[in-house]
Every structure is written in C-alpha cells, then in structure tokens.
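Chemist:
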Amino acid sequence: MSPRKFFVGGNFKMNGTIKSIKAIVDNLNQANLDSNVEVVVAPPALYLLLVRDSLKAQIEVAAQNVYDQPDGAFTGEISAHQLGDSNITWTILGHSERRTLLGESDAVVSSKTKYALDNGLGVIWCCGETLEQREASLTVAVVTGQLASLKETLGTDAAAWAKVVIAYEPIWAIGTGKVATTEQAQEVHAAIRNWLSDKVSPAVAEATRILYGGSVNEKNCKDLAKQADIDGFLVGGASLKPGFVEIVNCNL
1 MSPRKFFVGG
11 NFKMNGTIKS
21 IKAIVDNLNQ
31 ANLDSNVEVV
41 VAPPALYLLL
51 VRDSLKAQIE
61 VAAQNVYDQP
71 DGAFTGEISA
81 HQLGDSNITW
91 TILGHSERRT
101 LLGESDAVVS
111 SKTKYALDNG
121 LGVIWCCGET
131 LEQREASLTV
141 AVVTGQLASL
151 KETLGTDAAA
161 WAKVVIAYEP
171 IWAIGTGKVA
181 TTEQAQEVHA
191 AIRNWLSDKV
201 SPAVAEATRI
211 LYGGSVNEKN
221 CKDLAKQADI
231 DGFLVGGASL
241 KPGFVEIVNC
251 NL
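Positions 1 to 252 (UniProt numbering) are the ones given, in order, by the sequence shown.
(1) Measuring CA to CA, which of 145, 241, 150 and 88 is closest to residue 54?
(2) Between the Cα of residue 113 and the Cα atoms of 79, 102 and 85, which residue gives the shortest distance?
(3) Taking three-plus beta-carbon pairs below 8 Å as touching, is the region 236-247 in contact with the region 184-203?
(4) Could you pull out every unbroken beta strand (DSSP E) segment of at least 3 residues lying fully inside the region 191-228, listed in chain order?
(5) Taking 8 Å as the cut-off, decide whether the C-beta atoms of residue 45 and residue 63 are in contact.
(6) What does the Cβ neighbour count give for residue 13, buried or exposed, with the cut at 16 atoms within 10 Å?
(7) Checking the sheet assignment: what are the DSSP bridge partners for residue 42?
(8) Taking the runs of the beta strand (DSSP E) that are 3 residues or longer, which of them lie wholly in the region 109-158?
(9) Could you check if residue 21 is buried or exposed, using at least 16 other CB atoms within 10 Å of its CB as the buried criterion?
(10) According to DSSP, residue 63 sits in a beta bridge with which residue or residues?
(11) Kindly indicate which residue of 215, 57 and 224 has the alpha-carbon position closest to the one of residue 187.
(12) Measuring CB atoms only, is the region 105-123 touching the region 169-178, in the sense that at least three cross pairs come out at less than 8 Å?
(13) Are the CB atoms of residue 212 and residue 230 nearer to each other than 8 Å?
(14) Which value, in whole angstroms, describes the spacing of the CA atoms of residue 71 and residue 249?
(15) Please say whether residue 143 and residue 129 have beta carbons closer to each other than 8 Å?
(16) Thinking residue 117 and residue 148 are a contact (beta carbons under 8 Å), I'd like their distance in whole angstroms, please.
(17) Considering residue 167, what are the terminal residues of the beta strand (DSSP E) in which it resides?
(18) Buried or exposed for residue 181, going by 16 or more other Cβ atoms inside 10 Å?
(19) Does the count of Cβ pairs from the region 2-11 and the region 31-45 closer than 8 Å reach three?
(20) Taking 8 Å as the cut-off, decide whether the C-beta atoms of residue 50 and residue 18 are in contact.
(21) Taking C-alpha atoms, which residue in 166, 197, 61 and 238 lies nearest to residue 86?
(22) Helix, strand or coil: which one does DSSP assign to residue 235?
Quick look at the structure:
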C-alpha cells in the first residue's frame, strides 16, 4: 500500500448558483465518505464562504486562484491572507484554462505557488500537454519543463514540496469526454515521480501525491485509481454531480 493519502479535488470552475451549490454541499454533508481520502472542493470565489460555512469540516475548501502579492491595490484579485482569514486552506494553480486562456506563464504560476505556500496554503499545481504535443511525443518534455520552472522557484525544500499536490491533466482530455488510458496516465505519473526523484529528492518523489485529471467520472475512476503512481483525481464537471461521491469512494 502507498503511504500517500489518496486525494480527490473537485474543481467547480465558473459553474454554480447559490441554489445548485447548496445542493452539492448538502449531498456531500449527507454522504459517507471514505475516511482514508482527503477531499477538497473549489467553488467560484463568490461562493467560497458559503461553502466553507456550510460544508462539514472533513472536507477542505480551495480557491481556484490566488495572487502573488500582499493585500493592496490589485483590483479583482484575491490574496493568500484573505483566503487564510476565511479558513480556505488550498488553492488551484497552473490550470491549463488559466495558462492558455489568460496567458499565465510557467514563471507566473511558479511565483504564485511559492507565495501561496509561504503564506500557509496548500497548492494543487496543474500541468499537462496539448493534443499536438501528445501526438509529437512531447508529453514528458512538456510536463517536466513545467516542473522545472517550479523547481527553479522552490528549490529542493522538502517542506515546501510537502504542501504541493501535482495534478497531471492532459489538456486534450479536459471537458472533452476523452480520457487517457490507464497505461497512458500511469506512464506520465511515473515519469513525473522519476523526475522528482532525480531533480528534487527521492524522499519528495515518494511523498508527493500526483493526481490525474481529465474527464474523470464514476465509471473510469476505479481502474485509474489502481495504478501505482496515481494518488487521486482532480475532477471537473463530475464534481458538480452526485456521482462525485462515488469518485471519492472509488477505493472502497
């Protein structure tokens, strides 16, 4: 058995209303969730406090972004201090939708990650390749290049890496219904772990949880979860549905 605690994150993205999010929270509050799984949900910023105030303490709450500066004149942003003050303990960073749609570079993502970690947040740090990169056999090069930027910022500080959960999300599988085969996913996860061992430390590689994301649902999660280097999931659309509970409980 892996010493790494299984982790399931739910990224609501820009979805939900007060009514629908209350329904999601009610479903999670009533569910019997596997106590061996760390569960974190990430609603839109507008609903962070609603979720944190009404969701059972067993489940943590994440922001979908955070700025890399202290409180101040940064219109539209949210600070690590404000998240901590609101008992929001995690943030998602580096998601491909922000990298591609908003132009966040590896350097920007790394800077945000370090600032979040330095200010007490855990980080779900995302990486992944496009379909064109996959077809050109560049997957590992792309993902390890993204990791190299993070390592340049964090160095080999085991305490910092301990608060990072890596989410491998092939861009071609996000929201498309296409899922990497179990073999494809495991191959990339193993490459990430090997890179961490070589470039950071074997101890960090062994301890770091690596999640799979990309059209994960209650039908495909069990087979993916059996892979040696898949330590959980970052779930998108399926986290808005009752079947999210089945994903959390996929190891039962």
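C-beta: ideal position from N, C-alpha, C; glycine also. Keep in mind it's a predicted model, so treat the numbers as computed, not measured.
Modeler: If we stick to the structure as given:
(1) Here residue 54 refers to the residue found at position 54 of the sequence shown. Minimum Cα distance to residue 54 is reached at 88.
(2) Looking up residue 113 in the sequence shown gives position 113. Closest by alpha carbon: 79.
(3) no
(4) 210-212
(5) Locating residue 45 in the sequence shown gives position 45, counting from the first residue. Locating residue 63 in the sequence shown gives position 63, counting from the first residue. Cβ distance < 8 Å, so residue 45 and residue 63 count as in contact.
(6) Against the sequence shown, residue 13 aligns to sequence position 13. Per the 10 Å Cβ criterion, buried.
(7) Here the question's residue 42 lines up with position 42 in the sequence shown. Looking at the DSSP assignment, residue 42 forms a beta bridge with 11.
(8) 122-127
(9) Translated into the one-based positions of the sequence shown, residue 21 becomes position 21. It counts as buried.
(10) The residue labelled residue 63 in the question sits at position 63 within the sequence shown. 91.
(11) Stepping through the sequence shown from its first residue, residue 187 is reached at position 187. The residue with the shortest Cα to Cα distance from residue 187 is 224.
(12) no
(13) On the sequence shown, position 212 is the one that residue 212 refers to. On the sequence shown, position 230 is the one that residue 230 refers to. Contact flag set, yes.
(14) As a first step, residue 71 is located in the sequence shown; it is residue number 71 there, counting from the start. As a first step, residue 249 is located in the sequence shown; it is residue number 249 there, counting from the start. For residue 71 and residue 249, the distance between alpha carbons rounds to 38 Å.
(15) Numbered from its first residue, the sequence shown carries residue 129 at position 129. Numbered from its first residue, the sequence shown carries residue 143 at position 143. It is a contact, given that the beta carbons lie within the stated cut-off.
(16) Here residue 117 is taken as the residue at index 117 of the sequence shown, counted from 1. Here residue 148 is taken as the residue at index 148 of the sequence shown, counted from 1. Actually they are not in contact, since the Cβ atoms of residue 117 and residue 148 sit about 17 Å apart, beyond 8 Å.
(17) For the purposes of this step, residue 167 is identified with residue 167 of the sequence shown, where counting begins at 1. First-last of the beta strand (DSSP E) with residue 167: 164-168.
(18) By one-based count along the sequence shown, residue 181 stands at place 181. Exposed.
(19) yes
(20) Counted from its first residue, the sequence shown places residue 50 at position 50. Counted from its first residue, the sequence shown places residue 18 at position 18. Contact: yes.
(21) For the purposes of this step, residue 86 is taken as the residue at position 86 of the sequence shown. Of 166, 197, 61 and 238, the residue nearest in Cα terms is 61.
(22) For the purposes of this step, residue 235 is taken as residue 235 along the sequence shown, with counting starting at 1. Three-state result, residue 235: strand.
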